[in-house]
Amino acid sequence: MSVDKVVATAAEAVADVADGSSLAVGGFGLSGIPWFLIEALLEQGAADLEVVSNNCGVDGAGLGLLLEAQRISRVIASYVGENKEFARQYLAGELTVELTPQGTLAERLRAGGAGVGAFFTPTGVGTLVSEGGLPWRYHPDGTVAIASPAKETRDFRGVEMVLEEAIVTDVALVRAAVADRAGNCVFHAAARNFNPAAAMAGRLTIVEAERVVEAGDIRPDEVHLPGVFVQRVVELTPEQAARKDIEKRTTRGKRPAATVGAS
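Residue 67 in UniProt numbering is what sits at position 67 of the sequence shown, and the numbering runs on without skipping anything.
Okay, structure coming up:
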């Protein structure tokens with residue numbers, strides 16, 4: 001008989017996340033983010049959190065809610081844009097931010113879950129990423145308080161590469177389209193993004209799923225994330241599952257009619 005990893009509510013799922021915990025959070029912008037686990041964590045009250053995510057939500061949504069509540073002290077991300085509060089806290093010296101190339105960040109998470117301690121990559125060689133000096137934290141007066149250290153580089157078959165350490169976090173929060181009771185997950189389209197890598201990196205991985213099925217209902221070759229990486233599953237209501245906000249809505253009106261004789 002398989003283990004049933006389903007818990008009743010998001011609040012129950014995040015109840016033991018402690019102050020100072022490190023979190024890997026899936027999603028890209030607002031696509032595929034664990035909306036309800038983030039909101040449950042906001043209500044739960046954990047503070048001084050270190051977050052690893054592609055970005056930090058937007059103002060008023062996603063991880064932006066934890067930022068606005070001053071609950072995040074450090075962020076490892078590849079993108080600061082679309083969130084004015086994120087940029088404000090960083091530039092004001094209220095937040096430590098380790099900017100990491102996007103592909104490197106994904107691989108650092110995946111490597112952590114695979115038990116790989118570090119890896120070499122050509123990405124970032126010859127820049128501040130490898131040479132050090134990226135501002136991680138500012139003083140309130142705008143001077144650099146903490147800068148990134150230089151990293152080890154080596155030559156592999158004539159290509160210089162930089163050593164990047166894997167990331168393992170205390171907790172991972174992810175969003176899946178379908179999960180079974182054993183924790184096997186399927187992600188939909190672009191929502192797959194950082195979710196599998198984030199899930200692998202967490203010592204305790206919590207999934208909010210739009211639909212939960214019985215163990216065995218997902219064919220083995222359809223599984224995107226094996227249940228071995230998942231400890232808790234929260235089933236969303238149909239109303240919750242339907243909530244999928246977007247960052248920007250762009251519309252195009254009618255094209256102006258062509259002018260006869262225009263050159």
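Just so it is clear, CB atoms sit at the ideal spot from N, CA and C, and this is done for glycine as well. As the structure is a prediction and not an experimental result, all values here were calculated from the model.
Query, Result
"The segment 173-193 touching the segment 124-142, judged by at least three CB pairs closer than 8 Å", "no"
"Pairwise C-alpha distance: G142 and A18", "32 Å"
"Within 8 Å, strictly: CB atoms of V7 and V234", "yes"
"CB of L23 within 8 Å of CB of V58, strictly", "no"
"Identity of the residue in D180, R74, I206 nearest G216 by Cα", "D180"
"V228, buried or exposed, once every other Cβ within 10 Å from all chains shown has been counted against 16", "exposed"
"Among E208, E247, R232, nearest to P238 - alpha-carbon criterion", "E208"
"Close-in-space but distant-in-sequence residues of the same chain around L105 (CB under 6 Å, 5 per side omitted)", "S78"
"heavy atom of the ligand SAH below 7 Å from I38 C-beta", "As presented, the structure is devoid of all ligands, the ligand SAH included, so that no description of it is given."
"Residue 267, DSSP secondary structure in three states", "Only positions 1 to 263 of the chain appear in this structure, which leaves residue 267 out of reach."
"Stretch pair the segment 59-67 + the segment 210-224: three plus CB contacts closer than 8 Å", "no"
"For R157, the three-state DSSP class (helix, strand or coil)", "coil"
"Beta-carbon proximity check, N193 vs V223, cutoff 8 Å", "no"
"Proximity below 8 Å, CB of L95 to CB of A197", "no"
"Cβ-Cβ separation, C56 to F36 (assumed contact under 8 Å), whole Å", "Not a contact, Cβ separation roughly 18 Å."
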